[in-house]
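Engineer: Counting in the working numbering, the sequence shown runs from 112 upward without gaps.
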Amino acid sequence: MEVKDFYEIDINLLPRRKKIRRAIDKETRTIINVGIAFLIILAIIYAGLYYQIYTKNQYLNDLNTRIASLKKVEDTLNLRNKLGDDIFYYETTIEKLVNSQIDFNNLLIDIATSIPKETVIENLNVDTDKKLIQITGHTTDLQHLAWTANGLSQNPNIFNLTVDQYNVPYVKIPNSPNYTTFTISFQWKGMGK
């Protein structure tokens, strides 16, 4: 027998276990390799899904930002349209008001030049909705009332004249005015130009 150095002696106290360990190691390595491959595949799938979710969230955030900016533009346009409508309303209202103004000086001139001196106008009512003018007053007698109605109807600016009511006193009362009172309504061309 050969003499070996103390340091070179190889003692295997568990030779059976080592063989079992080696056989388990190969199976374990295969399982571990398959497990690692499976985990890597899962990680790649997870990373892909996470990336898709991240990009879709970014896209949705971008869309929400665009929608918010478009809503601001829409609100601005709505406000602009409302202001345009308001301006149009005021323009048409001002135009209607200007057109519906009555030049009372010309009306009074037309009335004064059409009635006799003995006729007194006590009240003048103007109904702009019906475009009707109503005058009440008095004159000395029924003949002057006829002259008043005739004079007004001869004026080219006055039309649709009607004597609505008149009152002629039957008995003259001494020391009191004995007037014939009347109410006449007509339309005038100067109303609502």
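Ideal Cβ placement from N, Cα and C applies to all residues, glycine included.
So, is P288 buried or exposed, given that buried needs 16 or more other C-beta atoms within 10 angstroms?
Structural biologist: Exposed, because fewer than 16 other Cβ atoms sit within 10 Å of the Cβ of P288.
Engineer: Just how far apart, CA to CA, sit L256 and N271?
Structural biologist: Answer to the nearest angstrom: the Cα atoms are 17 Å apart.
Engineer: Since I believe H249 is in contact with T291 (beta carbons under 8 Å), could you give me their beta-carbon distance rounded to a whole number of angstroms?
Structural biologist: Confirmed, about 6 Å.
Engineer: Using the Cα positions of L263 and I222, report the straight-line distance between them to the nearest angstrom.
Structural biologist: Looking at the two C-alpha atoms, the distance is approximately 7 Å.
Engineer: State the DSSP-derived secondary structure class of D221, mapped to helix, strand or coil.
Structural biologist: Three-state DSSP puts D221 in a helix.
Engineer: Is it buried or exposed, I143, if we count other Cβ atoms within 10 angstroms and call 16 or more buried?
Structural biologist: Classification for I143: exposed.
Engineer: If you drop the 5 nearest sequence neighbours on each side, which residues of the same chain put their C-beta closer than 6 Å to that of N236?
Structural biologist: Here the set comprises Q245.
Engineer: Assuming T259 is part of the alpha helix (DSSP H), what are its boundary residues?
Structural biologist: Unbroken alpha helix (DSSP H) run through T259: L253 to Q265.
Engineer: State the DSSP-derived secondary structure class of I244, mapped to helix, strand or coil.
Structural biologist: Three-state result, I244: strand.
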